[in-house]
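Have a look at this one:
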């Protein structure tokens, strides 16, 4: 009986998160109340407070739903960089865009994060967390670019920190395009072409030739 109760509680929690995703994406976070979420899920407001302290707690739980794919992408970048930093970066860029293009839930939650949220009031801490995550991701990119430079894969003039900023900016721009223009039939090919423009200024011609021929 206890296990059934735990399973039912988890089912209720997921119902609330499903409702939050729907309403946040349709109406925005600031215009959606916890009472709205409870009603959409067919539950009471008390059920919301049983599982979540407040809207911020619920919002974080919603973001956690898509953390696994990005954790996996980060892990693949680190593992690949040990053998071939250039290939690891190239594949990393395509994986980031691919998970948005092919995973509807990731796309929906990122749409909420980037375009349906106002990071003021109770959601103000999310802004600081996003900035911290951005700096962490940029540092990882810089680290891998440095590995590529040390391995003779890049031009001598390449500055890993500057390249990391450029890569992150391009990733963000391409991801935003996928979020607002979906469905976008040529998204993958168009993104690959745009990535090549930047990568050709980083990696030496033989390296780029290998990347674009094999991947």
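In the working numbering, the protein residues as written are 233 to 447. Every residue, glycine too, gets a C-beta built ideally from N, C-alpha and C.
Give me the residue from the options with the minimum Cα distance to residue i.
{"i": "residue 322", "options": "244, 413, 248 and 376", "result": "376"}
{"i": "residue 408", "options": "302, 293, 289 and 340", "result": "340"}
{"i": "residue 269", "options": "248, 330 and 263", "result": "248"}
{"i": "residue 295", "options": "250, 314 and 306", "result": "250"}
{"i": "residue 311", "options": "324, 428 and 299", "result": "324"}
{"i": "residue 351", "options": "274, 263 and 441", "result": "263"}
{"i": "residue 252", "options": "353, 303 and 291", "result": "291"}
{"i": "residue 257", "options": "345, 394, 358 and 390", "result": "345"}
{"i": "residue 400", "options": "378, 374, 421 and 432", "result": "374"}
{"i": "residue 273", "options": "357, 246 and 299", "result": "246"}
Apart from the five residues on each side of it in sequence, which residues of its chain come closer than 7 Å, Cβ to Cβ, to residue i?
{"i": "residue 266", "result": "277, 280 and 287"}
{"i": "residue 406", "result": "329, 423 and 426"}
{"i": "residue 315", "result": "none"}
{"i": "residue 362", "result": "none"}
{"i": "residue 301", "result": "331, 335 and 338"}
{"i": "residue 445", "result": "none"}
Taking the alpha-carbon positions, what's the residue i to residue j distance?
{"i": "residue 388", "j": "residue 380", "result": "11 Å"}
{"i": "residue 233", "j": "residue 343", "result": "Low per-residue confidence applies at residue 233: pLDDT is 39, beneath 50, and the placement is therefore not dependable, though the value from the model is reported in the following sentence. Whole-angstrom Cα-Cα distance: 39 Å."}
{"i": "residue 333", "j": "residue 411", "result": "8 Å"}
{"i": "residue 238", "j": "residue 368", "result": "36 Å"}
{"i": "residue 289", "j": "residue 327", "result": "29 Å"}
{"i": "residue 347", "j": "residue 259", "result": "11 Å"}
{"i": "residue 402", "j": "residue 304", "result": "21 Å"}
{"i": "residue 364", "j": "residue 413", "result": "28 Å"}
{"i": "residue 371", "j": "residue 383", "result": "18 Å"}
At which residues does the alpha helix (DSSP H) containing residue i begin and terminate?
{"i": "residue 362", "result": "356-382"}
{"i": "residue 435", "result": "Where residue 435 is concerned, there is no enclosing alpha helix (DSSP H), given that its DSSP letter is neither H nor E."}
{"i": "residue 312", "result": "299-315"}
{"i": "residue 346", "result": "336-347"}
{"i": "residue 278", "result": "277-283"}
{"i": "residue 405", "result": "392-413"}
{"i": "residue 388", "result": "Per DSSP, residue 388 belongs to no alpha helix (DSSP H) and is neither H nor E."}
Between which residues of its own chain and residue i is the CB-CB distance below 6 Å, once the five residues before and five after are set aside?
{"i": "residue 349", "result": "261"}
{"i": "residue 385", "result": "318, 435 and 439"}
{"i": "residue 433", "result": "none"}
Check whether the Cβ atoms of residue i and residue j sit closer than 8 Å, and answer yes or no.
{"i": "residue 293", "j": "residue 284", "result": "yes"}
{"i": "residue 337", "j": "residue 297", "result": "yes"}
{"i": "residue 398", "j": "residue 443", "result": "no"}
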